[in-house]
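Participant: In my numbering, the protein residues as written are 35 to 298.
Glycine included, each C-beta is placed from N, C-alpha and C at the ideal position.
#1: Just tell me which of 44, 247, 129 has its CA closest to the CA of residue 197.
#2: What residues are listed by DSSP as bridge partners for residue 199?
#3: Measuring CA to CA, which of 180, 181, 67, 189 is closest to residue 174?
#4: Is it right to say residue 225 is buried, meaning 16 or more other beta carbons lie within 10 angstroms of its own, or is it exposed?
#5: Considering only the alpha carbon of each residue, which of 137, 62, 115 lies closest to residue 47?
#6: From the DSSP secondary-structure annotation, give me the bridge partner or partners of residue 50.
#7: Using a Cβ-Cβ cut-off of 7 angstroms (strictly less than) and excluding sequence neighbours within five positions of residue 261, which residues of its own chain qualify?
#8: Helix, strand or coil for residue 295, going by three-state DSSP, please let me know.
#9: Determine the burial state of residue 52: buried for a count of at least 16 other Cβ atoms within 10 Å of its Cβ, exposed for fewer.
#10: Note down the Cα distance separating residue 187 from residue 217, rounded to an integer number of angstroms.
#11: Exposed or buried, which one is residue 214 when buried takes at least 16 other CB atoms within 10 Å?
#12: Report yes if the CB atom of residue 82 is closer than 9 angstroms to the CB atom of residue 72, and no otherwise.
#13: In the DSSP assignment, the beta strand (DSSP E) including residue 140 goes from what residue to what residue?
#14: What three-state label does DSSP hand residue 244 in the structure shown?
#15: To the nearest angstrom, report how far apart residue 59 and residue 76 are at their CA atoms.
#16: Using a Cβ-Cβ cut-off of 9 angstroms, state whether residue 240 counts as contacting chain B.
#17: With the cut-off set at 9 angstroms, would you say residue 84 and residue 96 are in Cβ contact?
#18: What separation, rounded to the nearest whole angstrom, lies between the Cα atoms of residue 242 and residue 201?
#19: Using 8 angstroms for Cβ pairs, my map puts residue 123 next to residue 107. What's the rounded Cβ distance?
#20: So, helix, strand or coil for residue 43, using DSSP?
#21: Could you tell me which residues DSSP puts in a beta bridge with residue 76?
#22: Which of helix, strand or coil does DSSP assign to residue 89?
#23: Whole angstroms is fine: what's the gap from residue 140's alpha carbon to residue 89's?
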């Protein structure tokens with residue numbers, strides 16, 4: 035009988051140094067990474083999880099190497115080397131997205147917690163913001179996504195306590211919606227065009243309107259106090275934000291407002 039070629043890789047193998055400089059240890063099948071395994075990349079990043087014929091596929095965790103330590107950048111499903119399915123992503127600022135992915139883009143339904151005015155890069159996760167008396171608040175969006183953009187129907191809970199429910203297009207309010215103003219106890223109900231109100235009316239905010247939209251208790255006078263709470267938490271995990279029938283809340287009212295605006 036022919037002797038087994040020692041270069042054939044099948045089953046579990048110890049760490050193998052690949053020509054590209056990467057290192058892999060785990061399961062193989064017919065000389066391909068297949069099964070559970072761990073890849074260490076040249077830049078220090080690490081992937082731990084499932085493989086199918088040399089590609090990340092199944093469930094796995096991608097660890098980003100930065101500031102001399104690793105952080106879990108993405109935990110979830112993979113397909114052909116891309117984030118695909120349900121997963122949780124954290125960026126270098128500590129912002130979080132949990133929801134659906136297609137070809138490594140947010141696509142479907144998801145919930146994102148983002149630093150208000152995140153372009154201010156002084157707030158990093160390496161501890162540089164420790165001890166600051168005025169850490170940033172967070173905006174929380176839950177709803178539809180299309181190719182990495184907030185597009186469709188969704189709810190935004192802003193760092194200042196405001197709440198918006200309605201249509202979105204490429205990250206901007208678009209279509210029919212309602213904006214609740216925390217500091218005024220009032221609401222604007224109308225139609226937006228790429229972030230700009232096109233027509234609508236102001237009214238008094240209804241009792242418990244914010245709570246009804248967000249699906250959780252909102253403390254303080256009316257629905258005030260969110261900015262203060264965010265400042266005190268210093269970016270610790272916020273309470274779960276769950277939508278209550280997101281595609282049905284105020285649907286009739288917003289559709290009527292849209293028809294009124296289009297008739298003008």
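Facilitator: The answer reads as follows:
#1: For this step, residue 197 is matched to residue 163 along the chain shown. Residue 197 has its Cα closest to that of 247, out of 44, 247, 129.
#2: The residue given as residue 199 occupies position 165 in the chain shown. According to DSSP, which records beta bridges pairwise, residue 199 is partnered with 189, 212.
#3: The residue you call residue 174 lines up with position 140 of the chain shown. 189 is the residue among 180, 181, 67, 189 whose C-alpha sits nearest the C-alpha of residue 174.
#4: Within the chain shown, residue 225 is the residue found at index 191, counting from 1. The residue in question, residue 225, is buried, as its Cβ has 16 or more Cβ neighbours within 10 Å.
#5: One-based indexing of the chain shown puts residue 47 at position 13. Measuring C-alpha to C-alpha distances from residue 47 to each of 137, 62, 115 identifies 62 as the nearest.
#6: On the chain shown, residue 50 is found 16 positions in, with the first residue counted as 1. Bridge partners of residue 50: 58.
#7: In the chain shown, residue 261 corresponds to position 227, counting from 1. Only weak support is given to the placement of residue 261: the predicted model assigns it a pLDDT of 38, under 50, and the question is left unresolved by the model.
#8: To locate residue 295, count along the chain shown from 1; it is residue 261. Residue 295 falls in the helix class under three-state DSSP.
#9: Along the chain shown, one-based indexing puts residue 52 at 18. It is exposed - the Cβ of residue 52 has fewer than 16 other Cβ atoms within 10 Å.
#10: Translated into the one-based positions of the chain shown, residue 187 becomes position 153. Translated into the one-based positions of the chain shown, residue 217 becomes position 183. One alpha carbon belongs to residue 187, the other to residue 217, and they sit about 25 angstroms apart.
#11: Within the chain shown, numbered from 1, the residue matching residue 214 stands at position 180. Buried, by the Cβ-count rule.
#12: If you number the chain shown from 1, residue 82 lands on position 48. If you number the chain shown from 1, residue 72 lands on position 38. Cβ distance < 9 angstroms, so residue 82 and residue 72 count as in contact.
#13: Taking the first residue of the chain shown as position 1, residue 140 is located at position 106. Counting along the chain, residue 140 sits inside the beta strand (DSSP E) bounded by residues 139–149.
#14: Here residue 244 refers to the residue found at position 210 of the chain shown. In the three-state reduction of the DSSP assignment, residue 244 falls in the helix class, which pools H, G and I.
#15: Taking the first residue of the chain shown as 1, we reach residue 59 at position 25. Taking the first residue of the chain shown as 1, we reach residue 76 at position 42. Rounded to the nearest angstrom, the two C-alpha atoms are 15 angstroms apart.
#16: No chain B appears in the structure shown, which is made up of a single protein chain.
#17: The residue you call residue 84 lines up with position 50 of the chain shown. The residue you call residue 96 lines up with position 62 of the chain shown. No, Cβ-Cβ distance for residue 84 and residue 96 is not below 9 angstroms.
#18: Here residue 242 is taken as the residue at index 208 of the chain shown, counted from 1. Here residue 201 is taken as the residue at index 167 of the chain shown, counted from 1. Distance between the alpha carbons of residue 242 and residue 201: 22 angstroms.
#19: Residue mapping note: residue 123 aligns to position 89 of the chain shown, counting from 1. Residue mapping note: residue 107 aligns to position 73 of the chain shown, counting from 1. Taking 8 angstroms as the upper bound for CB-CB distance, residue 123 and residue 107 are in contact here, some 7 angstroms apart.
#20: Position 9 of the chain shown, counting from 1, holds the residue named residue 43. Three-state result, residue 43: coil.
#21: Numbered from 1 along the chain shown, position 42 holds the residue referred to as residue 76. Its beta-bridge partners do not exist; DSSP assigns none.
#22: As a working note, residue 89 is residue 55 in the chain shown. If DSSP states are grouped into helix, strand and coil, residue 89 belongs with the strands.
#23: Mapped onto the chain shown, residue 140 falls at position 106. Mapped onto the chain shown, residue 89 falls at position 55. Rounded to whole angstroms, the separation of the alpha carbons of residue 89 and residue 140 is 20 angstroms.
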